[in-house]
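Residue numbers (the numbering used here), protein chains in the order written: chain A, 1 to 268; chain B, 269 to 536.
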């Protein structure tokens, strides 16, 4: 609610709160939040509240969905409902955005939170979801780096071969258009000019990646949390691939991170 | 050679250079390095040079091995030679050390560079290698966090179950003694008090991990390179599990990182 209030005051978004109005009023009172800034839809039952929120998005009365103090699984059941949900035919994927002094521009990472061991087709959806989102941010031709532990194909590391095939498919022009895709690359190749120079890497995304695509949820999650909790990069995250963006922040996220996520969902 | 010279001048180590003496002299001259500070063993052939360097370590004339401007595979063939090498019966593993404002103490990560998809027994060797090294640094009972994308066992993420079994084995007192091991944990749980408090994590290594154990080389490598190239943490790395530590730095490492690696190998 603090992030929602902040977003409203900054003119980033108009927020509709769907839930138990009595509880919402109580929290607003405790936190000094002016409820007149929100539209409130009273729906005390959590499952019904999620369904109502999703239907507001389906019917274009709202342009994106945000999870509040509720289980992710309850929200996702409403999102994924085959009749009333927000499915688009694409796999859902998470994208995280980071701003840190250690990189010369915004850096995005995907998928750090949803797809556990994405197969070939899911990897392509993840890339396309991210590229479409970044284009909406005004990055006309995002540079996509496909992450592995090394920059060459190695049969002992199967993801390196999969990335090489995805680069071929990109070059064929059939999928992943409007972007530059290269891989396998290790993280240093994607972000560091020194690393590229010393290792003789000549990649169209080398040292200038916009999007890092993780090979697995473990790798993505560690990258995400390293940047958030050790590097202390400003960060936000949005779920892509549904009809509209979904803000699915975690309890441990700061109010600032939730605010950034709201802003990203508006831009996406 | 710059890192070796620096280590010598700082009194961290006495370095023996094994290689083509003519080339070594030329580089020393170009870089203003005083060769009288080193012992030089003239061995122009790279394979023979590696064998000689390894034999200096085996015979206790040197206490650790460092790779210079030579292929890693050439060095490793000499290290792993069954008769004249440095095998100890344990799997080799890499440990990296980081110092950054974002964490309240030195943070170690393993294995970010050698074992691709370590099996159960290799995971235990990796942990034991790291614990022994940290004990030599004066950390009597290192806190070891077993990394995954979440902090609970999930059949869809097999490594979470493997970590739980390793924690059971640790608790039985049979292996991984002299340390505290917990997992599965996500990176935020391992390093952030806020994350532990908000998520109700009550772990003996929570928010205070010394060692992060990566679930795969992809995850470890991304963590390592995020901390080195984006967070710009001071860092060094050493290969453990052989009879003596091995400094196996990469061409893209800075002279400072190589110096830290030498210092770590001495302490280990």
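Beta carbons: idealized from backbone N, C-alpha and C, even for Gly.
Residue from the options with nearest C-alpha to residue i
{"i": "residue 289 (chain B)", "options": "B:306, B:280, B:281 and B:274", "result": "B:306"}
{"i": "residue 425 (chain B)", "options": "B:454, B:518, B:521 and B:459", "result": "B:454"}
{"i": "residue 133 (chain A)", "options": "A:122, A:114, A:109 and A:58", "result": "A:109"}
{"i": "residue 129 (chain A)", "options": "A:244, A:148, A:201 and A:248", "result": "A:244"}
{"i": "residue 474 (chain B)", "options": "B:414, B:281, B:507 and B:303", "result": "B:414"}
{"i": "residue 431 (chain B)", "options": "B:281, B:388, B:468 and B:502", "result": "B:388"}
{"i": "residue 86 (chain A)", "options": "A:224, A:103, A:60 and A:98", "result": "A:60"}
{"i": "residue 476 (chain B)", "options": "B:489, B:459 and B:491", "result": "B:459"}
{"i": "residue 44 (chain A)", "options": "A:34, A:19 and A:68", "result": "A:19"}
{"i": "residue 301 (chain B)", "options": "B:316, B:405 and B:283", "result": "B:283"}
{"i": "residue 46 (chain A)", "options": "A:77, A:26 and A:13", "result": "A:77"}
{"i": "residue 266 (chain A)", "options": "A:26, A:58, A:1 and A:65", "result": "A:65"}
{"i": "residue 137 (chain A)", "options": "A:105, A:113 and A:151", "result": "A:105"}
{"i": "residue 419 (chain B)", "options": "B:269, B:496 and B:471", "result": "B:471"}
{"i": "residue 488 (chain B)", "options": "B:381, B:356, B:326 and B:444", "result": "B:381"}
Separation of residue j from residue i, as counted between CA atoms
{"i": "residue 198 (chain A)", "j": "residue 189 (chain A)", "result": "10 Å"}
{"i": "residue 54 (chain A)", "j": "residue 149 (chain A)", "result": "39 Å"}
{"i": "residue 517 (chain B)", "j": "residue 168 (chain A)", "result": "32 Å"}
{"i": "residue 399 (chain B)", "j": "residue 75 (chain A)", "result": "42 Å"}
{"i": "residue 71 (chain A)", "j": "residue 79 (chain A)", "result": "13 Å"}
{"i": "residue 261 (chain A)", "j": "residue 247 (chain A)", "result": "6 Å"}
{"i": "residue 238 (chain A)", "j": "residue 494 (chain B)", "result": "21 Å"}
{"i": "residue 11 (chain A)", "j": "residue 24 (chain A)", "result": "21 Å"}
{"i": "residue 554 (chain B)", "j": "residue 81 (chain A)", "result": "What the structure shows of chain B is the stretch from 269 to 536, and residue 554 (chain B) is not part of that stretch, so it cannot be assessed."}
{"i": "residue 276 (chain B)", "j": "residue 461 (chain B)", "result": "40 Å"}
{"i": "residue 180 (chain A)", "j": "residue 423 (chain B)", "result": "36 Å"}
{"i": "residue 166 (chain A)", "j": "residue 29 (chain A)", "result": "52 Å"}
{"i": "residue 67 (chain A)", "j": "residue 100 (chain A)", "result": "26 Å"}
{"i": "residue 215 (chain A)", "j": "residue 97 (chain A)", "result": "17 Å"}
{"i": "residue 241 (chain A)", "j": "residue 268 (chain A)", "result": "11 Å"}
{"i": "residue 469 (chain B)", "j": "residue 375 (chain B)", "result": "20 Å"}
{"i": "residue 184 (chain A)", "j": "residue 337 (chain B)", "result": "25 Å"}
{"i": "residue 40 (chain A)", "j": "residue 182 (chain A)", "result": "46 Å"}
{"i": "residue 135 (chain A)", "j": "residue 351 (chain B)", "result": "59 Å"}
{"i": "residue 438 (chain B)", "j": "residue 503 (chain B)", "result": "29 Å"}
{"i": "residue 356 (chain B)", "j": "residue 446 (chain B)", "result": "20 Å"}
{"i": "residue 326 (chain B)", "j": "residue 299 (chain B)", "result": "31 Å"}
{"i": "residue 497 (chain B)", "j": "residue 52 (chain A)", "result": "45 Å"}
{"i": "residue 17 (chain A)", "j": "residue 144 (chain A)", "result": "36 Å"}
{"i": "residue 281 (chain B)", "j": "residue 294 (chain B)", "result": "23 Å"}
Short Cβ contact (8 Å threshold) for residue i with residue j
{"i": "residue 341 (chain B)", "j": "residue 393 (chain B)", "result": "no"}
{"i": "residue 520 (chain B)", "j": "residue 195 (chain A)", "result": "yes"}
{"i": "residue 142 (chain A)", "j": "residue 95 (chain A)", "result": "no"}
{"i": "residue 159 (chain A)", "j": "residue 486 (chain B)", "result": "yes"}
{"i": "residue 102 (chain A)", "j": "residue 231 (chain A)", "result": "yes"}
{"i": "residue 317 (chain B)", "j": "residue 324 (chain B)", "result": "no"}
{"i": "residue 491 (chain B)", "j": "residue 222 (chain A)", "result": "yes"}
C-beta neighbour in chain A for residue i, strict 8 Å
{"i": "residue 460 (chain B)", "result": "yes"}
{"i": "residue 368 (chain B)", "result": "yes"}
{"i": "residue 519 (chain B)", "result": "yes"}
{"i": "residue 466 (chain B)", "result": "yes"}
{"i": "residue 384 (chain B)", "result": "yes"}
{"i": "residue 453 (chain B)", "result": "no"}
{"i": "residue 497 (chain B)", "result": "yes"}
{"i": "residue 415 (chain B)", "result": "yes"}
{"i": "residue 337 (chain B)", "result": "no"}
{"i": "residue 500 (chain B)", "result": "yes"}
{"i": "residue 456 (chain B)", "result": "yes"}
7 Å Cβ shell around residue i - same chain, five flanking residues per side excluded
{"i": "residue 118 (chain A)", "result": "111 and 126"}
{"i": "residue 390 (chain B)", "result": "359 and 383"}
{"i": "residue 3 (chain A)", "result": "255, 258, 259 and 262"}
{"i": "residue 264 (chain A)", "result": "97, 236 and 238"}
Any C-beta of chain B under 8 Å from that of residue i
{"i": "residue 215 (chain A)", "result": "yes"}
{"i": "residue 159 (chain A)", "result": "yes"}
{"i": "residue 222 (chain A)", "result": "yes"}
{"i": "residue 226 (chain A)", "result": "yes"}
{"i": "residue 30 (chain A)", "result": "no"}
{"i": "residue 218 (chain A)", "result": "yes"}
{"i": "residue 48 (chain A)", "result": "no"}
{"i": "residue 195 (chain A)", "result": "yes"}
Sequence-distant residues of its chain with Cβ nearer than 6 Å to residue i (five each side left out)
{"i": "residue 6 (chain A)", "result": "259"}
{"i": "residue 421 (chain B)", "result": "428, 429 and 432"}
{"i": "residue 303 (chain B)", "result": "296"}
{"i": "residue 310 (chain B)", "result": "289"}
Sequence-distant residues of the same chain with beta carbon closer than 8 Å to residue i, five excluded per side
{"i": "residue 176 (chain A)", "result": "124, 127, 128, 131, 144, 166, 169 and 170"}
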